[in-house]
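Protein chains: 2
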Amino acid sequence: MDHRATARIAIIGAGPSGLSQMRAFALLESSGQKIPEIVCFEKQNDWGGMWNYTWRTGFDEYGEPVHGSMYRHLWSNAPKECHEFADYSFDHHFSKSIPSFIPREAFRDYILGRAEESNMRRCIQFNTVVSYVEFDREKEIFHVRKKNLTTGKSSIEDFDYVIVAVGHFSMPNVPYVEGIETFPSQVIHSHDFRDARQFAEQSILVIGGSLSAEDIALQTFKFGAKSITISYRTKPIGCKWPSKIEEKPLLTRMEGRSAHFPDGSERNFDSIILCTGYKHHFPFLNDDLRLVTTNCFYPSQLYKGIFFQEQPRLIYLGMQNLYFSLSLFDAQTWYVRDVILGRIPFPNKLQRAEDMLAWKTREEKIEDKLDALDFQTAYLKELTSATDYPLDDLRLSGTAATFKNFLDDKESNIINYRDKQYASSITGTKAVMHPTPWMEVNNYSSVDFL
Amino acid sequence: MDHRATARIAIIGAGPSGLSQMRAFALLESSGQKIPEIVCFEKQNDWGGMWNYTWRTGFDEYGEPVHGSMYRHLWSNAPKECHEFADYSFDHHFSKSIPSFIPREAFRDYILGRAEESNMRRCIQFNTVVSYVEFDREKEIFHVRKKNLTTGKSSIEDFDYVIVAVGHFSMPNVPYVEGIETFPSQVIHSHDFRDARQFAEQSILVIGGSLSAEDIALQTFKFGAKSITISYRTKPIGCKWPSKIEEKPLLTRMEGRSAHFPDGSERNFDSIILCTGYKHHFPFLNDDLRLVTTNCFYPSQLYKGIFFQEQPRLIYLGMQNLYFSLSLFDAQTWYVRDVILGRIPFPNKLQRAEDMLAWKTREEKIEDKLDALDFQTAYLKELTSATDYPLDDLRLSGTAATFKNFLDDKESNIINYRDKQYASSITGTKAVMHPTPWMEVNNYSSVDFL
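So the protein sequences, as listed, match chains A and B. Number 79 in the UniProt record's numbering belongs to position 79 of the first sequence; there are no gaps in the numbering. Number 53 in the UniProt record's numbering belongs to position 53 of the second sequence; there are no gaps in the numbering.
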């Protein structure tokens, strides 16, 4: 690795992971240390990434894929205590204790609150999309072609490091379902789901068995769908659903309005929502730089889940399945910073491969959600123990325990799980109750901390 | 220009214009003449371009923008006699006389019927997207980077000519409307409109005043929408609409479900369909090769409406507003072929500029639809008179006259205009009547020529 503080670093994306990377460097800079030159390219006109809600679907005003997958009434689907920055608490941001489950507006406000503390916004080129990255082996440098979307002008800049911080919840994975082309009404992917009220009084077929399916079923239930059928591929979500929501194995085919299920039953639907997940999608990277991975807890091409093994000056943030999110990004970005600055030794290729294989072997033993959570907790521990990120083992274990309690609570009460309160492992503060049960909140006038 | 029959030509897109270009060369080849090497890159898995209907919206299975903007029940919106190949008649293809207005399936069948006559399919690389084109000034050659979507592998090939045949009805133009983010239901662009039955019983707001707005209003009317309000920017379509369809000037803002209009009225809607047109969108071309144009009848960077003035070995097909379509593509592609082969002299830059300015001056005088049609007829005449494409002046003038009759007929009877019959200027054949009036056809079992 090249440890110069004089390096040039490109960060692609000013969402939570890119902002976290800038935070890590900004803290050093504010303590008077020299940091590398950072340029962040962001295709949107503001920072916040996925947390910038948009009414648009498909393509934006410049013909770029719309990044956002958020819906109007999205609330966090895990307690905020599981997604707390160790160096910037919810208490600090909101100046009081707030409920454990919060709407997207509040979550965005919290993330951007920390970003605004530093002056890293000056490093960001907004409305600028990275269209191509290749590594020049001769000059040992990355050529990054970017395009200013407002002027339409492209140009190439060179960098010593490229940090891919574009997330992996933006490009829909849309499998073909036999006969779906005969369905006479709306078929959308969860990426394009914006407002559950559109589905009031409808019979909805939700295809998928993971978190999107679960939450979109809840959303459409809350806003008055007549019935929701969740059709899962691998296994049912298995909650105690209300009578309007049922789970069925993956349909075998559509025929007009009718879905046929493996048990021989069939049922008519008014709309189909594909909750079939997202792709890791990096069309802007040259073939030899492109991470190829399924959804897993340890992408096999990434040392420490971060550094591209074949070219470790190419860095990927947050490409894992995420139990932890903000603190996982921080754990990674503090580590990245310290590797770039030479504070953490960077082993040779074989040593890295051995470390990666050890983690992959460990990952293969994951059998259920709790194993996966333990795996990710151990992963965070390894990263944070190498840096000054203030998430010590005790706090991290506390957060993991809260996560487990929450998973239990959700399983026992899927409809009302967002009304529970948890305590922060960072500050010790117990969340307050919502003034209104989540199922009854349909606007934010009753959310007093907004 | 380089006139070698040994040139290598890249065609981007195997839709109607790309297929037309291959046809032009194939005809020469089948008469024993040597033709250049042609490689056509097509991102879909079949030829037909826009005419390949898809249930998908947004992104395809590879994360590429879905090309298709067609809807299930789309029928031609002009008589087939205005869109007839001069060298391959509808009579020939269907072996009988068929009605003037035909569903998309029949139109696709006709287009592909001609394509299947040649063996040009061997030139096409399917599932292959062109991701970048740049011109190497030193070697005087185009570098074309393509990606095989099924393998994910990219590679670069060099070409003497690049023909851009990707159309301009695929990338939606989506303007912001004040308050649209507060609308609690579905907002789609016509690009994503697939099935009018989804809007049955709904009050629809159609934003736009051109052909998409007109036809989507008719579609939703036919399939049972409660009401349709067309909100136009420039001027009303001005047909004699049935009482369920009304036209209003461009709304000033949305507020929840309610659209506010300049006359002070407001009205609630269940869905919004943006018929706001498409962008000329060529993100795969280096800045210096990219056509920048609005919708017009003579893009000012294209000599003969075809050859990119700054680099005339870069060729654009069908980038004009289209009254004529298939015959316009043929007029262009026969001309392109003969320029490449040195059969048509290619003037120097100044001479080209003078010719372009003369056409632009003429275009500026267009005041209405009839002027525009006359302009495009004259444009076709100039092109076809230089080649052996069998569209003589008499036939072309006949087709133009049919177009004018049709425009009159449509204006006087918007609901039933598709039940009219016209005569072919190519064969003289008069179309037969539909067995069922268009307004009553809701499946194709009654369309006996399919």
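Where is the CB? At the ideal position from N, CA and C, for every residue including glycine. Remember, predicted model here, so these are calculated numbers, not experimental data.
What number of angstroms, rounded off, separates the C-alpha of residue i from the C-alpha of residue j?
i, j, result
"H280 (chain A)", "M171 (chain A)", "7 Å"
"K164 (chain B)", "D330 (chain B)", "In the sequence as displayed, the identity of residue 164 (chain B) is Val instead of Lys. Taking the straight line joining both Cα atoms gives about 15 Å."
"A106 (chain A)", "F221 (chain B)", "42 Å"
"M22 (chain A)", "I35 (chain A)", "11 Å"
"F375 (chain B)", "A353 (chain B)", "19 Å"
"D60 (chain B)", "Y53 (chain B)", "13 Å"
"K304 (chain B)", "R362 (chain B)", "13 Å"
"G58 (chain B)", "E201 (chain A)", "26 Å"
"I188 (chain A)", "V441 (chain A)", "25 Å"
"L407 (chain A)", "S231 (chain A)", "22 Å"
"W112 (chain B)", "I38 (chain B)", "The question names Trp, but residue 112 (chain B) in the sequence shown is Leu. Rounded to the nearest angstrom, the two C-alpha atoms are 19 Å apart."
"G63 (chain A)", "K96 (chain B)", "43 Å"
Taking the continuous beta strand (DSSP E) assigned at residue i, which residues delimit it?
i, result
"N148 (chain A)", "141-148"
"T402 (chain B)", "No beta strand (DSSP E) holds T402 (chain B); the alpha helix (DSSP H) holding it covers 393-412."
"S131 (chain A)", "128-136"
"S258 (chain A)", "258-260"
"E246 (chain B)", "245-249"
"E37 (chain A)", "37-41"
"Q186 (chain A)", "186-189"
"A10 (chain A)", "8-12"
"S154 (chain B)", "154-159"
Below 9 Å between beta carbons: does that hold for residue i and residue j?
i, j, result
"W47 (chain A)", "R121 (chain A)", "yes"
"G277 (chain A)", "S210 (chain A)", "yes"
"E255 (chain B)", "T229 (chain B)", "no"
"I156 (chain B)", "H143 (chain B)", "yes"
"S227 (chain A)", "I204 (chain A)", "yes"
"F308 (chain A)", "Y298 (chain A)", "no"
"N119 (chain B)", "N148 (chain B)", "no"
"P437 (chain A)", "N416 (chain A)", "yes"
"E29 (chain A)", "S327 (chain A)", "no"
"D270 (chain B)", "P184 (chain A)", "no"
"V166 (chain A)", "I12 (chain A)", "yes"
"N321 (chain A)", "N286 (chain A)", "no"
"A259 (chain A)", "W241 (chain A)", "no"
"R108 (chain B)", "W75 (chain B)", "no"
"G318 (chain B)", "R253 (chain B)", "no"
"S190 (chain A)", "C123 (chain A)", "no"
"Y335 (chain B)", "A400 (chain B)", "no"
"W51 (chain A)", "G15 (chain A)", "yes"
"F41 (chain A)", "R337 (chain A)", "no"
Quick check on the DSSP output: the alpha helix (DSSP H) that includes residue i runs from which residue to which?
i, result
"Y110 (chain B)", "104-117"
"M22 (chain B)", "16-30"
"V336 (chain B)", "326-340"
"D215 (chain B)", "211-222"
"R362 (chain B)", "349-364"
"residue 452 (chain B)", "In this structure chain B extends from 1 to 450, so residue 452 (chain B) is not present and cannot be described."
"H93 (chain B)", "90-94"
Looking only at its chain, what residues have a beta carbon closer than 8 Å to the beta carbon of residue i, apart from the 5 residues adjacent to it on each side?
i, result
"D371 (chain B)", "K365"
"M1 (chain B)", "With a pLDDT of 48 at M1 (chain B), under the threshold of 50, the modelled position of that residue is not reliable, and no figure is offered here."
"L380 (chain A)", "F324, S327, L328, A331, L391, L396"
"A225 (chain B)", "A196, F199, A200, E201, Q202, S203, I204, K244"
In chain order, what residues of the same chain have a beta carbon less than 6 Å from the beta carbon of residue i, not counting five sequence neighbours either side?
i, result
"F261 (chain B)", "K248, L251"
"T384 (chain B)", "A331, L391"
"T293 (chain A)", "H280, P299"
"S20 (chain B)", "F329, D330, T333"
"N348 (chain A)", "none"
"G264 (chain A)", "none"
For residue i, I'd like the list of residues in its chain whose CB is within less than 7 Å of its CB, leaving aside the five on either flank, ordered along the chain.
i, result
"R395 (chain A)", "A86, S425, I426"
"S100 (chain B)", "P79, K80, E81, K420, Q421, Y422, A431"
"F284 (chain A)", "V130, S131, Y132, V133"
"R114 (chain B)", "R23, F85, Y88"
"H434 (chain A)", "P99, D419"
Query raised in the report: Between the stretch 287-313 of chain B and chain A, which residues of the former have CB atoms less than 9 Å from a CB of the latter, in chain order?
Result: D287, R290, V292
Query raised in the report: Using Cβ-Cβ distances below 8 Å, what residues of the stretch 120-136 of chain A are close to chain B?
Result: S131, Y132
Query raised in the report: Just by C-beta distance, which residues in the stretch 160-183 of chain A are closer than 9 Å to chain B?
Result: M171, P172, N173, V174, P175, Y176, I180, E181, T182, F183
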